[in-house]
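>
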Amino acid sequence: MATDWYMYLLYFLIFPGFIFSLLVGLLAVWIDRKVTARIQWRVGPPLLQPVYDLVKLIGKEVLLPVGAQPLVFLFAPLVGLAGAVLAAFLLGSVNFLQSSFVGDLIVLVYLLFLPSLAIIIGGSASGNPISAIGSSREMKLILAYELPLALAVITVIINAGFTLNLNNIVAGPGAASVSGFLALLVTLICVQAKLAVVPFDIPEAETEIMEGPLVEYSGLPLAIFKTMEALLLYILPLYVITLFLGGLGEGWWMLLGVLKYVLLLVIIILIKNTNPRLRIDQAVNFFWTKVTALALIAAGLAALGEIYGVSWL
Amino acid sequence: MLNQLDLIMPLAIVLPLFTGILAVIVPSRLKVIKELIVVVTLVSLLIGAVGLAIAPNQELLWGGLRSDGLAVFIFFFTVFFAAVNAIYAFGTESEAERSNEFFAYFLWTIGAAAGVIFSTNMILFLSFWGFLGLTLYLMIGLAGPSASAAAKKTMLITGGADAFLILGLAMLFLLNLPGESVDGLAALMSNAGSAMDLWSQQPVSGTYGVLAFLLLSLTAFSKAGALPLHTWVPDAGEKAKPTTAAFLPGSLDKLLGIYFLYRICTEIFSFSASSWAVIYLMAIGALTIISAVMLALVQHNIRRLLGYHAVSQVGYMVLGLATLNPIGMAGGLFHMLNNAIYKSALFLCAGNVEDAAGTGELEKLGGLGKLMPLTSISMLIAALAISGIPPLNGFVSKWLVYRGLIETGEAGGALWIIWLLAAMFGSALTLASFIKVMHSVFWSTPSTRINLEKIREVNYFRTLPVLILAGICIVFGVAYTYPLYTFIAPAVATLEEFVALNLFAAWNAAVAAALLVLAVVAGIFLYWLFDSLKDLRRVPTWVGGSVHDPERAYFPGTEFYRTIDEMPLLNKIFSLQKKGYFDVYELFSGLSLSIASYFSNSHTGVLTTYVTWALVGLIIYLFVFMGMW
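These protein sequence lines map, in sequence, to chains A and B. To convert, count from 1 in the first sequence and add 2; that's the numbering used here. To convert, count from 1 in the second sequence and add 191; that's the numbering used here.
So this is what it looks like as structure tokens:
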């Protein structure tokens, strides 16, 4: 079945691609700020505040630091956003259109690298030593969570019956087994790191290295990076829902799907607001020992369940 | 029945060997003649490869030379990489002092490679394989006295592996002999011809079967650069000339080593997916990926780092081949091709950087991106491709290998989880070490440790090859079904079987790439719309309000992964590695030196001692032979 090119374009640009995920993402940013404010006994911003912020940034001047590599510095945000939109398109088409146009689970996992990669490259190309520190931390964080995240993905693949097709994975058992549940826990921790929020906001650490890789960004490129981060706030919970929680659902069930999403988002925000920031070596240690051990148990149980035909493992 | 096509295989071997001799004879002043010899040879070989592709399945010399689809594919790309490196060499080597020797060894390498690709007779195969080891040694040695240690190490490791090859082939020969014929010399002679056939599909059981399999696979590993005989690759990568590094450890040796391993897994031996041999190969592959890439992470010299990646990537190919299913094997072979493409691009880019900046030490470089735009863009594309970032070619072949591994998991067992995990994690580590390279060389704070004002982009002979290779990284990533169906699928399954896998539905690279490009173009449009790019204001680097002094405040790429070097268990492993504990060469050279020092005690210089030794030897010799007959 071939889809016409203009349909791809519509899907990609409007729904479930860019425009739709941008709206959800901005809403998620608002929820984040509002919940955070309530936890801190503040009132919090109005609903449209994230939009105002973006519009303000777009109107501002773009500055170029003297030591930067201009082309890479200005292109990195674009590539990051493009990767995020493509991932949103893929996840959205699985959940809303019951079809996966561009790729399978492995493609998705690798597409989710692109936003982090863009931040690393952008930070590195700005010629600022503080950005470089942030970039190196972001890369180390990727190394840290990649190991358990890959194991969780393998667990999902085994539980779903050795399929990589995302539509089959949505229909699979997800977290409804011991191994699936453990893998869900592991993935939630990794998502916290992938979003680079507390306790893993080590690369951006505002109070320490002033948003690290973003320190030299201003105006439109910064707005693009902020948009990308808003999109990630939509994509990553959706990734968890797709792999473990049976997707957003169809028809009226979608209300339940929205509830799942908001719940996941609030969990992320709560963890973020009740924890201190780790040092990078602590984070690497944590992921490579405790989280990986948990993920190994999950994958091992899934393999055992598969070999001996025990479905609840 | 002899037709013209029959001549292609022998000519492909003989022609470069002959023109190589011409290249030595030509006076070294006549630069154009030398280049012309190389060009004519390569063009005729390319035509030959196309001719062979028309009728690939041939047999000559009573089965001594055979070609099939895979052999033609490997030969075609051997010539292709030779051509790309030749362009580069015209920009660097033609003027060099020992250019005659360089081009001669270069052409001889191609001829011997053709011999290895086409011969299925043990003696022929062995001769060409050994000759390749020799040209490898000579080519590395061309870089001058600084490379002599690396050349010697390479010679000893590949030469040692040749000894394995001889032993392995001898065992294979015994296995090939029909049951009873070992008794009589005459019977042995009459069967020797057919027993010399490499493609005999022996089982990997019995003492000889197991030993022969282990020995031959070790030979293939030493050539391709997999553990445990890999240690010559980083040394050669660092010390040899860039062209040599890109052509031999970078591309050709990968093609030949993995090609031989493929033959070992299919034609020379035959074993099922549940055999111990599969676990052995997979373990080697997984270990190669992780250990080599961890070492790459801590290197400080750009080409040495690339050398470790040249080792690490072999792990993916071995894993792919060991799956024994069509999709995994296709992935392994495709990765072999892709790796050769981006690895030679990376080595050549590193050569460009070294040439322009005068050093390959990562600490000294920095901020070259603006000054060398073509090299830096090519290197970025190749670096992303080797890290498996979609939609580039490295992603596709890794993805196929992963799919192959998952398919073996479906058949049962749990070990595949470890192999797959090693492959996926290795990919992240690869990305990390290339971020380090790109940061150190091209992006970071402009270096004050070298004179940046003198640095210019290198000449077109040197940028064209890397641009071509980077372009192929994109093309083979986006339109991956083309190389896969044309060159690789026929080697592992029938085309129908392969098309039935419907890969394009699972990774629609063309649409994904188009959408990515669209998004980036839309972003450029946005920049234009808001006039963001018009006279950008240059501002000083912001370091918290103080004045940025790039001489003192910079963050070199070599410091990127300090946290990981210093982790409790890893730092011990790294310090042991630095002392050479994991290097077979260091271990065995120590061992052989100590044995030699023991025997050197017998060297007293007294004639009677030597005569006594000789007599004792003669007596033992006689006894052995009397006993045998």
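Where is the CB? At the ideal position from N, CA and C, for every residue including glycine. As the structure is a computational prediction, the values presented were derived from the model and not from experiment.
Between D197(B) and the rest of its own chain, which residues show a CB-CB distance below 8 Å, the 5 nearest in sequence each way excluded?
By one-based count along the second sequence, residue 197(B) stands at place 6. Contacts found: Q249 and L251.
> Taking C-beta pairs closer than 9 Å, name the residues in chain B that E206(A) reaches, listed in chain order.
Working through the first sequence from its first residue, we reach residue 206(A) at position 204. Within 9 Å Cβ-Cβ: nothing; E206(A) doesn't reach chain B, min ~15 Å.
> Report the rounded CA-to-CA distance for S118(A) versus C192(A), giving the unit in angstroms.
Working through the first sequence from its first residue, we reach residue 118(A) at position 116. Working through the first sequence from its first residue, we reach residue 192(A) at position 190. Straight-line Cα distance between these residues: approximately 13 Å.
> Flag this pair as yes or no: are the beta carbons of G519(B) and L596(B) separated by less than 8 Å?
One-based indexing of the second sequence puts residue 519(B) at position 328. One-based indexing of the second sequence puts residue 596(B) at position 405. Against a cut-off of 8 Å, the Cβ pair of L596(B) and G519(B) comes out as a contact.
> Less than 8 Å between C-beta atoms, sequence neighbours within five positions excluded: which residues of the same chain meet that for L15(A)?
Reading the first sequence from its first residue, position 13 is the one you call residue 15(A). Cβ within range, chain order: I21.
> Using 8 Å as the limit for Cβ to Cβ distance, is Y752(B) near chain A?
Sequence index remark: in the second sequence, residue 752(B) carries index 561 (1-based). Output row for Y752(B): interface = yes.
> If you pair each beta-carbon of the segment 292-299 of chain B with each one of the segment 706-718 of chain B, do three or more pairs fall below 8 Å?
As far as the Cβ criterion goes, the segment 292-299 of chain B does not touch the segment 706-718 of chain B, which means the pair count is below three.
> Under a three-way DSSP split, which group does A300(A) fall into?
One-based indexing of the first sequence puts residue 300(A) at position 298. A300(A) falls in the helix class under three-state DSSP.
> Helix, strand or coil: which one does DSSP assign to S391(B)?
Within the second sequence, numbered from 1, the residue matching residue 391(B) stands at position 200. S391(B): coil per DSSP, three-state reduction.
> Closer than 9 Å by beta-carbon distance: list the chain B residues that pair up with P239(A), in chain order.
Locating residue 239(A) in the first sequence gives position 237, counting from the first residue. Near P239(A) there are no residues of chain B at all, since even the closest Cβ is about 22 Å away, more than 9 Å.
> Using only the alpha-carbon positions, how far apart do I278(B) and L222(A) sit?
As a first step, residue 278(B) is located in the second sequence; it is residue number 87 there, counting from the start. As a first step, residue 222(A) is located in the first sequence; it is residue number 220 there, counting from the start. Using only the alpha carbons, I get a separation of about 42 Å.
> What would DSSP say about R281(A), mapped onto helix, strand or coil?
As a first step, residue 281(A) must be located in the first sequence, where it is residue number 279. Reduced to three states, the DSSP call for R281(A) is coil.
> Which residues of chain A have a Cβ atom closer than 9 Å to the Cβ of P637(B), listed in chain order?
Locating residue 637(B) in the second sequence gives position 446, counting from the first residue. Per Cβ cutoff of 9 Å: V68, G69 and G129.
> Which residue comes first and which comes last in the alpha helix (DSSP H) that contains Q504(B)?
Residue 504(B) sits at position 313 when you count from the first residue of the second sequence. Per DSSP, Q504(B) belongs to the alpha helix (DSSP H) from I493 to A513.
> To the nearest angstrom, report how far apart F460(B) and P150(A) are at their CA atoms.
If you number the second sequence from 1, residue 460(B) lands on position 269. If you number the first sequence from 1, residue 150(A) lands on position 148. Answer to the nearest angstrom: the Cα atoms are 37 Å apart.
> Is any beta-carbon of chain A found at less than 8 Å from that of N699(B)?
Your numbering for residue 699(B) matches position 508 in the second sequence. Taking Cβ atoms only, chain A reaches closer than 8 Å to N699(B), which makes this a yes.
> Which whole-angstrom value is the C-beta distance of K414(B) and L447(B), which I expect to be below 8 Å?
Against the second sequence, residue 414(B) aligns to sequence position 223. Against the second sequence, residue 447(B) aligns to sequence position 256. Indeed they touch by this definition, with Cβ atoms about 6 Å apart.
> So, does the CB of A185(A) fall closer than 8 Å to a CB anywhere in chain B?
Stepping through the first sequence from its first residue, residue 185(A) is reached at position 183. False, the Cβ-Cβ gap to chain B never drops below 8 Å.
> Quick one: does the C-beta of S290(B) sit closer than 7 Å to a heavy atom of the ligand ADP?
With respect to the ligand ADP, the structure offers nothing, as it holds no ligand at all.
> Give a yes or no on whether the minimum CB-CB distance between A55(A) and chain B is below 8 Å.
If you number the first sequence from 1, residue 55(A) lands on position 53. Looking at the sequence itself, residue 55(A) is Asp, so the reference to Ala does not match. Not closer than 8 Å to any Cβ of chain B, the Cβ of D55(A) fails to qualify, so no.
> Using 8 Å as the threshold, is the segment 295-305 of chain A in touch with the segment 177-194 of chain A, meaning 3 or more CB pairs across them?
As far as the Cβ criterion goes, the segment 295-305 of chain A touches the segment 177-194 of chain A, which means the pair count is three or higher.
> Rounded to whole angstroms, what's the CA-CA distance from A710(B) to L83(A)? Just pull it up for me.
Position 519 of the second sequence, counted from the start, is the residue given in the question as residue 710(B). Position 81 of the first sequence, counted from the start, is the residue given in the question as residue 83(A). Answer to the nearest angstrom: the Cα atoms are 8 Å apart.
> With which residues is V734(B) paired in a DSSP beta bridge?
Here residue 734(B) corresponds to residue number 543 of the second sequence, with the count starting at 1. Paired residues: S737(B).
> Go ahead and pull the three-state DSSP assignment for S318(B).
As a working note, residue 318(B) is residue 127 in the second sequence. In this structure, S318(B) counts as helix in the three-state DSSP scheme.
> Would you give the residue range spanned by the alpha helix (DSSP H) that R594(B) belongs to?
In the second sequence, the residue the question calls residue 594(B) occupies position 403. Start and end: N584 to E601.
> Based on DSSP bridge pairs, tell me the residues matched to N312(B).
Here residue 312(B) is taken as the residue at index 121 of the second sequence, counted from 1. Note: N312(B) sits in a beta bridge opposite D388(B).
> Measure from the C-beta of E213(A) to each C-beta in chain B and report whether the shortest distance is under 8 Å.
Numbered from 1 along the first sequence, position 211 holds the residue referred to as residue 213(A). Answer no: the Cβ-Cβ gap between E213(A) and chain B never drops below 8 Å.
> So, does the CB of E601(B) fall closer than 8 Å to a CB anywhere in chain A?
As a position in the second sequence, residue 601(B) is number 410, starting the count at 1. With 8 Å as the cut-off, E601(B) counts as an interface residue toward chain A.
> I want to see whether chain B comes within less than 8 Å of Y10(A), judged by CB atoms only; does it?
Working through the first sequence from its first residue, we reach residue 10(A) at position 8. Yes, Y10(A) lies at the interface with chain B (some Cβ there is under 8 Å from its Cβ).
> Taking the alpha helix (DSSP H) that P517(B) falls in, what are its first and last residues?
The residue labelled residue 517(B) in the question sits at position 326 within the second sequence. Element bounds for P517(B): P517 to A548.
> If you follow the alpha helix (DSSP H) that Q768(B) is in, where does it begin and where does it stop?
Walking along the second sequence from the start, residue 768(B) turns up at place 577. Residues P759 to K769.
> Taking the C-alpha atoms as reference points, what is the distance between N130(A) and S618(B)?
Reading the first sequence from its first residue, position 128 is the one you call residue 130(A). Reading the second sequence from its first residue, position 427 is the one you call residue 618(B). For N130(A) and S618(B), the distance between alpha carbons rounds to 27 Å.
> Along the chain, where does the beta strand (DSSP E) containing Q249(B) start, and where does it finish?
Here residue 249(B) refers to the residue found at position 58 when the second sequence is read from its first residue. Start and end: Q249 to L251.
> Between the alpha carbons of I641(B) and A232(A), how many angstroms are there, rounded?
Indexing the second sequence from 1 puts residue 641(B) at position 450. Indexing the first sequence from 1 puts residue 232(A) at position 230. For I641(B) and A232(A), the distance between alpha carbons rounds to 41 Å.
> So the candidates are G668(B), G736(B), P581(B) and V730(B); which of them puts its Cα closest to the Cα of L113(A)?
Taking the first residue of the first sequence as 1, we reach residue 113(A) at position 111. Comparing Cα-Cα distances from L113(A) to each of G668(B), G736(B), P581(B) and V730(B), the minimum goes to P581(B).
> What is the DSSP secondary structure of L65(A), counted as helix, strand or coil?
Here the question's residue 65(A) lines up with position 63 in the first sequence. Three-state result, L65(A): strand.
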